Every structure is written in C-alpha cells, then in structure tokens.
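Sequential numbering of the sequence shown, starting at 214, is according to the numbering used here. For every residue, glycine included, the Cβ atom is placed at its ideal position computed from N, Cα and C. A quick note: this is a predicted structure, and the numbers were derived from the prediction, not measured.
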Amino acid sequence: MNIRTRFAPSPTGFLHIGGARTALFSWAYARRHGGKFILRIEDTDLERSTETSVAAILESMQWLGLDWDEGPFFQMKRLARYKEVADQLIAAGHAYYDYMSREELEELRKVQMQRGEKPRYDGRWRPGHKLKVPEGVKPVVRFLTPRDGEIGWHDLVKGPISFPNKELDDLVILRADGVPTYNFGVVVDDLDMEITHVIRGDDHVNNTPRQIHIFNAMAKPLPAFAHLPMILGADGERLSKRHGAVSVTQYRDEGYLPEALLNALARLGWSHGNDEVFSMKQMVGWFDLGHVSHSAAQFDPEKALWMNQQYIKNADLNVLSNLTKEILQKMNVNTDAGPKLDQVIFLVKDRAHTIPQIAEAAKIFYTYDEPDASKLTAPVRSALVLLLEKLRASNWDRKSLGAAVSEVVKASGLKMPELAMPARLLVTGRTQTPSLDAVLELIGRETVLARLSRHLKGG
Ligand code: GLU
C-alpha cells in the first residue's frame with residue numbers, strides 16, 4: 214500500500230505544540246513507510262481563519278523541517294467540489310435540503326431544553342416530509358444519519374471505539390453559503406487526496422463516527438484512524454497559553470534549535486524504549502503507531518530546555534555561529550574585531566540552554582564595561598601586577614596562561630578566586646566569565662596586557 218498521511222490545520226492561530234506534534238507524527242509515519250505527506254489548510258471557518266496564521270503555520274513547518282510532498286491545499290478553493298459531492302449524496306438519498314430558519318431552530322432548541330432533552334435536529338426535512346419549501350430561503354444540506362445500530366472503528370492508537378447512532382443527529386454538511394462543515398470537508402478531502410492514515414488529535418474522536426457514515430454513504434473504503442493522546446502541561450492541565458510558550462515560532466524566537474524541539478515533540482505520547490535524545494532520522498526509522506500511548510502526554514518546558522542544551526552541545530559550530538551572530542547584531546555587538554566567534558562559541562556553548570544565552574556569554578568578548586579598579590586592596594593589586602609581568606612573558610596558550618595564574622596565586626598567598634575575580638574584572642569588565650585561562654587566551658595578548666596595565670598604572 215502507498216501510505217499517504219496528512220496534516221490539516223485550521224489557520225486560526227499559530228502552530229502550537231499540539232499541532233506540531235500531530236504534524237510530526239503524520240510526517241514520520243509517511244516517511245517511515247516511504248509514503249507521502251500532504252498539507253491541507255482547513256480554512257472554512259471564515260471568521261477565525263487568517264492569512265497571518267497560514268503564513269505562521271507554513272513558516273513553522275519549514276523551520277521544523279517537516280516537509281510536505283503535496284499541497285498546501287486550501288479548502289476554500291475547493292467549494293465546487295464539495296457542492297458536487299453534496300449533490301451526489303442528495304441524489305443517492307443520503308443527504309437532503311433543510312430549509313429551517315434560524316428562528317425555527319432556536320424554537321426547537323428551547324422546547325427540547327424545556328422538556329429536559331438534549332437539543333438536536335428533529336429530522337423534519339428528512340426525505341418524505343410534507344413541508345412546503347419556503348420562498349427566498351437558502352437551504353443547508355444535512356446528512357441522513359442512520360438512527361439505529363452503532364458505528365465503530367478500530368483505532369490504531371486507542372483500539373476499538375464505537376458510538377450508538379442515536380447519539381448522532383443529521384449533521385449539516387453544507388452551509389447555506391456553500392461552505393462545507395468540518396466533518397464533510399474533511400471526508401471529501403481525505404478521499405480525494407487518497408489519505409490512507411488519518412493521524413490527528415483525540416479531540417476529533419467524537420467526529421470520527423460522523424465521518425465514517427459519510428465515507429460509507431459514498432461507498433468508499435475507510436482510511437485507518439489514529440487518534441493521538443492529548444497534551445497536558447507540567448501541572449497536569451490541558452496545555453494552553455497559560456503555560457507560557459506554546460507556539461513553534463515562539464520557541465524559535467527564544468533560541469531553540471528545530472531539532473531539539475522536534476525531539477521534545479517526538480516524546481509527547483510516543484517512545485522508543487528509553488531513548489531520550491535521538492535524531493529525526495532515527496525517529497523515522499523507528500516510528501510506529503503501536504507505541505503511541507493511550508493516555509495523555511505531558512509537555513515539560515524544563516525538559517525541552519534540557520533537550521535544547523543537548524542539541525546545542527553537539528550542534529555544528531557554523532550553525533550556532535550564524536544564529537548567535539544574528540542576535541549579537543540585534544544587540545549592536547560587532548564581532549568583526551576581537552576573537553573568532555567560532556572559538557568563543559566553542560568555549561561557552563556547553564553551559565548554554567538557548568542561543569540567546571550563548572549570545573549573552575559571547576558578548577563579553579566583544580564589549581568592555583569600564584571597571585572600577587579603585588577598590589582593589591593593596592595585596593590584590595600587587596598580585597595583579599605580578600600577573601601582568603608573568604603574562605607578558607607567557608606563550609599565550611591556555612596551558613601557559615593557567616600556569617601563570619597558578620604561580621601568582623602561590624607567590625601571593627591569595628586564594629584562586631581572590632585573584633581570578635579581580636583579574637576577570639579588569640580584563641573583561643565582568644566578574645562572571647568562563648575559566649580565566651581560556652578567557653585570557655581568547656581575548657588575546659594585546660588587549661589583555663593593555664587593559665591590565667592601564668588599570669594597574671601607578672600601582
Ligand atoms: N482542521 C482540524 C483541526 O485543526 C484537523 C482535522 C483533522 O485532522 O481531521 O483541528
């Protein structure tokens with residue numbers, strides 16, 4: 214079988230963690246089986262869909278590297294096709310026009326509520342009705358749902374699921390303005406796009422029986438369904454904006470590497486043994502729906518941050534360098550003068566969790582905050598003078614620089630931090646820096662000696 218999966222977001226906001234996880238699993242399944250991954254934009258909610266959201270979704274997918282083989286297809290460009298299928302269903306007796314006005318529907322609802330019943334369409338325009346078609350009213354098209362029996366499927370994640378038909382009413386499939394409702398558009402598209410596996414969030418489980426009825430009415434074989442467990446925040450509540458960053462672009466802007474975010478997403482409801490850090494290539498080699506968990510997954514931002522740190526440690530220096538440079542430029546920090554950015558990044562990256570943290574740590578090699586040397590005590594000052602002397606004679610490699618520092622510690626009787634802190638301060642303008650020998654090496658002979666002698670003059 215040629216596997217075809219799809220991701221079908223509604224462009225009503227950014228691509229969030231949940232949507233990206235769905236996209237990743239659909240993508241991985243297609244890639245695993247040498248199939249095709251299709252992108253479809255479900256833009257039929259005219260009030261809430263925006264171009265900005267479409268752009269954000271495409272941008273997020275591209276940034277993550279979730280490449281699609283076909284699309285993006287837009288539902289609003291396919292209205293003629295939905296009308297055609299609705300007409301076919303009407304002709305075959307599976308759907309019918311309903312001319313009920315908004316007021317009549319409201320009235321029906323009120324009566325049902327008063328009787329303590331669940332509001333539902335009462336089927337008054339079902340085929341065989343004796344009603345007179347009102348003039349000037351544009352009808353909706355409703356699907357004729359069987360009233361007896363039940364409908365079910367074997368979900369590839371959740372196992373067998375079924376619903377009694379009496380719980381489903383005759384849903385509207387085409388609105389009066391010709392725009393399809395979600396459940397109809399999705400079926401027509403999944404059929405036309407020859408989707409073999411519908412992989413989506415489990416908030417759609419309740420929609421699936423309605424969709425299956427439509428597939429059956431069209432006498433088409435069903436795709437397989439796989440409903441992914443929902444995602445909770447670290448506090449056990451459903452993941453939402455309350456939990457901080459939930460959109461993919463925000464993670465990008467906060468300095469996450471796409472590979473790290475993907476890895477974190479991959480662990481949301483799927484596992485491969487105890488493997489924690491793995492590449493997308495590995496995931497594609499391993500991914501199966503059988504190991505998707507039945508219960509809710511938890512997204513822990515701390516874990517994502519940790520994951521990012523792992524990826525930063527092993528990332529290509531060139532990649533880190535370009536990303537860091539961008540941020541430094543925004544901070545008006547010029548990296549052309551001073552040590553090579555690659556070398557600086559190599560030194561600072563292991564402690565960083567995000568790219569902005571790298572930039573912050575790298576900044577000290579390209580900017581200098583004039584320190585206040587007036588508070589140095591006499592013993593510290595003379596130790597620094599000795600250090601300056603020893604540095605002048607040094608070979609300027611990390612080892613010799615480290616040795617020079619240790620010799621001064623010994624000779625002066627100071628403790629290492631008592632010397633290293635003020636040395637850092639004079640050389641970099643800060644007291645918090647990576648290891649002193651490495652900092653001296655990178656900042657370079659000329660600059661270090663100039664800064665030290667300037668501040669120790671007259672001492
Ligand atoms: N457009 C739907 C949503 O964004 C997805 C529908 C589906 O995957 O079937 O929730």
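At least one heavy atom of the ligand GLU falls within 8 Å of the beta-carbon of Gly414.
Residue environment for Ser453: exposed (fewer than 16 other C-beta atoms within 10 angstroms of its C-beta). By the 16-neighbour rule on beta-carbons within 10 angstroms, Pro393 is buried. Counting along the chain, Asp513 sits inside no beta strand (DSSP E), nor does DSSP assign it H or E at all. No residue range can be given for Ser492, since it is assigned to no alpha helix (DSSP H) and is classified by DSSP as neither H nor E. For Ser375, the enclosing beta strand (DSSP E) starts and ends at 372-377. A distance criterion of 8 Å places the beta-carbon of Gly482 beyond contact range of the ligand GLU, judged by its closest non-hydrogen atom.
In this structure the segment 446-463 does not lie against the segment 548-564, because fewer than three pairs of beta carbons, one per stretch, are closer than 8 Å.
Straight-line spacing of the CA atoms in Asp650 and Glu450 works out to 48 Å.
Taken through DSSP and simplified to helix, strand or coil, Val593 comes out as helix. Within the same chain, Asp403, Ile408, Thr409, His410, Val411 come within 7 Å of Pro436 by CB-CB distance, once the 5 residues on both sides are set aside. Shown here, Val652 sits in a helix according to DSSP, grouped into three states.
The segment 385-423 contains, as complete alpha helix (DSSP H) runs of 4+ residues, the segments 395-405 (chain order). By the CB criterion at 9 Å, Val267 and Asp311 fall outside the cutoff. In this structure, the beta-carbon distance from His566 to Ile525 falls below 9 Å.
One thing to note: Ile568 has its Cβ within 9 Å of the Cβ of Leu536. Excluding the 5 residues flanking it on each side, Asp382 has same chain C-beta neighbours closer than 6 Å at Arg333, Tyr334, in chain order.
Under DSSP, Arg355 shares a beta bridge with Tyr309, Val385.
In the DSSP assignment, Ile540 falls within the alpha helix (DSSP H) that extends over 530-543. Annotation: Glu380 to Met274 spans about 37 Å, alpha carbon to alpha carbon.
Residue pairing by DSSP places Val505 opposite Trp483 in a beta bridge. In the displayed model, Ser223 falls within coil according to three-state DSSP, outside both helix and strand. By alpha-carbon distance to Pro352, the top candidate from Trp338, Thr358, Ala575 is Trp338. In terms of Cβ geometry, Ala509 and Gly482 form a close pair [threshold 9 Å]. Not one heavy atom of the ligand GLU sits closer than 8 Å to the Cβ of Tyr310. Of the other Cβ atoms in all chains shown, 16 or more fall within 10 Å of the Cβ of Glu472; this residue is therefore buried. From the listed residues Lys588, Gln301, Leu321, the smallest Cα separation to Ala432 is found for Gln301.
Leu533 is the residue among Lys576, Leu533, Glu583 whose C-alpha sits nearest the C-alpha of Phe559. As computed with DSSP, Glu283 is found in a beta bridge with Ile251. Ser625 and Thr590 have their C-alpha atoms roughly 13 Å apart.
Using a cutoff of 8 Å, the CB of Glu255 counts as near the ligand GLU, since one of the ligand's heavy atoms is closer than that. With contacts defined as CB atoms closer than 9 Å, Gly657 and Pro584 fail to qualify as a contacting pair. Its Cα nearest to that of Leu384, the residue Asn419 stands out among Asn419, Asp405, Asn531, Leu369.
Contact between the segment 243-259 and the segment 278-285 is established, with three or more Cβ pairs separated by less than 8 Å. Counting along the chain, His367 sits inside the beta strand (DSSP E) bounded by residues 363-368. Linking Val661 to Val640 through their CA atoms gives a straight-line distance of about 6 Å.
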